[in-house]
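Residues -20 to -1, 1 to 149 in mature numbering (1 follows the signal peptide of the UniProt record, and there is no 0) are what the sequence shown lists, from first letter to last.
Below: the structure, in structure tokens.
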Amino acid sequence: MTRSLILFLFFMSMTNSLMAKELPYDPKANAKQQLAQAQLAAKQQDKLLLIAFGANWCPDCIALDKAISRGQLAELIKTHFVTVKVDIGRWDNNMDIVKEYGNPVKKGIPSIVVTSADNKVLFATKGGQLATARRMGSENFYSFFTSLSKLKTQTTTGAEAQSKAVQEL
């Protein structure tokens, strides 16, 4: 009986610690307000705005979040972007925002949109480019986001810049 109770308590504590784990996408967040604040911060800091669309049930979304939150890539992101994460649930949350940015989630999540500080779309993953984020590897992520970080200073057209970033995947 004591052994069963100990095992039960052990498993309960493990469950609680797993539930306490912070997830990257907040389904209860006011995404419109977060976007407005991020746009203001991007203007003030002279940075690009990186909008990440995803969901906590999606392993590739979790992989992307981990990649952009660690190491050398995290520094690159912090230097060039103001980031906001928008939860889309099971394609039933914040879909009005998704539509505002041309439905970048149509072919899979995670999806990203990069805008100028004045909300001009410079890049969007409309082809599911990040839908296999678990298999991308840190070098591919770094190369991809390095290319995107140059959108602010490039004089190429949006289509040329987007093509270059996608080729680097």
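Note that the Cβ used here is the ideal one computed from N, Cα and C, for glycine as well.
Just so you know, these numbers come straight off a predicted model, no measurement behind them.
(message) In this structure, how does DSSP classify ASP67 when only helix, strand and coil are distinguished?
(response) strand
(request) Could you tell me which residues DSSP puts in a beta bridge with VAL62? (result) LEU29
(message) Can you give me the C-alpha to C-alpha distance between VAL66 and ILE31, rounded to a whole angstrom?
(response) 7 Å
(request) Leaving aside the five residues before and after TYR122 along the sequence, list all residues of the same chain whose C-beta is less than 8 Å from its C-beta, in chain order. (result) GLN52, LEU53, LEU56.
(request) Confirm, please, whether the CB-CB distance from LEU28 to LEU131 is below 8 Å. (result) yes
(message) Assuming contact is defined by CB atoms lying nearer than 8 Å, are ASN74 and GLN19 in contact in what I supplied?
(response) In this structure, ASN74 lies away from GLN19, with their beta-carbon atoms at least 8 Å apart.
(request) Within 10 angstroms of the Cβ of ASP26, are there 16 or more other Cβ atoms? Answer buried if so, exposed if not. (result) exposed
(request) Specify the secondary structure class of VAL78 as computed by DSSP and reduced to three states. (result) helix
(request) Check PHE(-10) in the structure and name its three-state DSSP category. (result) Any answer about PHE(-10) is weak, because its pLDDT of 48 lies below 50 and its placement is not dependable; what the coordinates show is given next. In the structure shown, PHE(-10) falls within a helical segment according to DSSP collapsed to helix, strand and coil.
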